[in-house]
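Asks: I have a structure here, written as structure tokens, and I will follow up with some questions on it.
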Amino acid sequence: MSIPIIIICFNNYKYVQNMIEQINRIQPKYKNDIVIMNNSSDDPSTLKYLKKIRLYYRVIDRDNNGPWISPDRNTDLYNELPDKFILTDPDLELNAKLPTYFIEQMVTLSDKHQIGKLGFAISIEDQDKMYPGNYMLGCSIHDWEYQYWASRINDRNYELYDAPIDTTFSLINKKYWCNWSVRMAGNFTCKHLPFYIENPIMTIEEEYKYYLKSKHSTIYKVFKPYFDEKYIVIDDDESPDKYRIEKRG
Numbered sequence: 095m096s097i098p099i100i101i102i103c104f105n106n107y108k109y110v111q112n113m114i115e116q117i118n119r120i121q122p123k124y125k126n127d128i129v130i131m132n133n134s135s136d137d138p139s140t141l142k143y144l145k146k147i148r149l150y151y152r153v154i155d156r157d158n159n160g161p162w163i164s165p166d167r168n169t170d171l172y173n174e175l176p177d178k179f180i181l182t183d184p185d186l187e188l189n190a191k192l193p194t195y196f197i198e199q200m201v202t203l204s205d206k207h208q209i210g211k212l213g214f215a216i217s218i219e220d221q222d223k224m225y226p227g228n229y230m231l232g233c234s235i236h237d238w239e240y241q242y243w244a245s246r247i248n249d250r251n252y253e254l255y256d257a258p259i260d261t262t263f264s265l266i267n268k269k270y271w272c273n274w275s276v277r278m279a280g281n282f283t284c285k286h287l288p289f290y291i292e293n294p295i296m297t298i299e300e301e302y303k304y305y306l307k308s309k310h311s312t313i314y315k316v317f318k319p320y321f322d323e324k325y326i327v328i329d330d331d332e333s334p335d336k337y338r339i340e341k342r343g
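In structure tokens:
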């Protein structure tokens with residue numbers, strides 16, 4: 095069984111690199127299924143990385159029509175893909191206990207429960223390590239994400255929740271596209287790395303640079319106030335495009 099694994103890329107090569115490494119570490123046989131969807135990245139470091147990995151992975155260069163692949167978004171790509179495929183953001187930390195053949199298990203579960211989108215639940219533990227503040231509609235990250243852990247589904251073998259899922263390592267099953275979405279917890283639970291103050295993949299300088307071009311991101315709303323409180327940006331008098339970041343106090 096070959097299930098394409100579409101990894102979304104937009105000026106975030108370190109996350110893409112980390113996702114590829116995680117997948118290959120858990121199951122090397124998935125390597126040939128990995129596809130990078132490059133949404134018009136213009137960051138020089140990301141472009142350099144993509145040029146290098148084209149020797150080993152398929153990279154699809156596209157206009158940035160968003161990260162979704164569905165009947166009404168990036169429709170041409172949706173139609174080209176097989177009946178089942180994985181779509182994921184790269185900025186996840188996969189569970190250390192994720193089963194070796196986890197995609198095969200997702201496929202079986204998707205067919206069993208007739209699930210249109212089946213993806214990983216996002217951990218809300220360690221909330222003290224997450225960015226504070228208003229993430230969505232007056233809620234903190236933890237309180238907003240808590241709603242997705244409310245509706246447990248009865249299954250003997252898996253911890254499942256009836257909850258919408260976007261692009262968090264989701265298996266899309268075209269046969270049941272119009273049906274419900276389900277999140278897998280337990281050993282399938284992942285971490286969304288941008289939620290955390292201490293990011294193991296990107297430095298504070300890299301995050302700042304990234305969010306300057308991604309102010310539409312929901313994470314920007316909690317990152318920016320925290321950054322402004324803890325850090326100061328000092329411009330380079332000789333070069334307006336350059337700056338350095340220092341901790342306050």
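Counting from 95, one number per residue, gives the positions in the sequence shown under the working numbering.
Each residue gets a CB set at the ideal place from its N, CA and C atoms; glycine is no exception.
Which stretch, first to last residue, makes up the beta strand (DSSP E) that contains F179?
Replies: Element bounds for F179: 178–182.
Asks: Ignoring anything shorter than 4 residues or poking outside the stretch 139–177, list the alpha helix (DSSP H) runs there in chain order.
Replies: Qualifying alpha helix (DSSP H) stretches, in chain order: 169–174.
Asks: On the CB-based measure, 16 or more other CB atoms within 10 Å of its CB, does C272 come out buried or exposed?
Replies: Counting Cβ neighbours within 10 Å, C272 comes out exposed, since fewer than 16 surround it.
Asks: Per DSSP, what kind of secondary structure is H286 in: helix, strand or coil?
Replies: H286 falls in the strand class under three-state DSSP.
Asks: Which of helix, strand or coil does DSSP assign to G213?
Replies: G213: strand per DSSP, three-state reduction.
Asks: Check K250 in the structure and name its three-state DSSP category.
Replies: Note that residue 250 corresponds to Arg in the displayed sequence, not to Lys. Note: R250 maps to coil in three-state DSSP.
Asks: Taking M131 as part of the beta strand (DSSP E), name the residues at either end of that continuous run.
Replies: Residues 128–133.
Asks: Could you please give the first and the last residue of the uninterrupted alpha helix (DSSP H) stretch that includes Y320?
Replies: Start and end: 314–324.
Asks: Closest by CA to F282, which one among N118, K191, S234, I218?
Replies: If we check each option's Cα against that of F282, K191 comes out closest.
Asks: Under 8 Å by Cβ, that's how I've got H236 and I218 pegged, so tell me the actual separation to the nearest angstrom.
Replies: The Cβ separation is near 5 Å, so the contact holds.
Asks: Hey, would you say D170 sits closer than 7 Å to S134, going by beta carbons?
Replies: Not in contact: D170 and S134 (Cβ atoms no closer than 7 Å).
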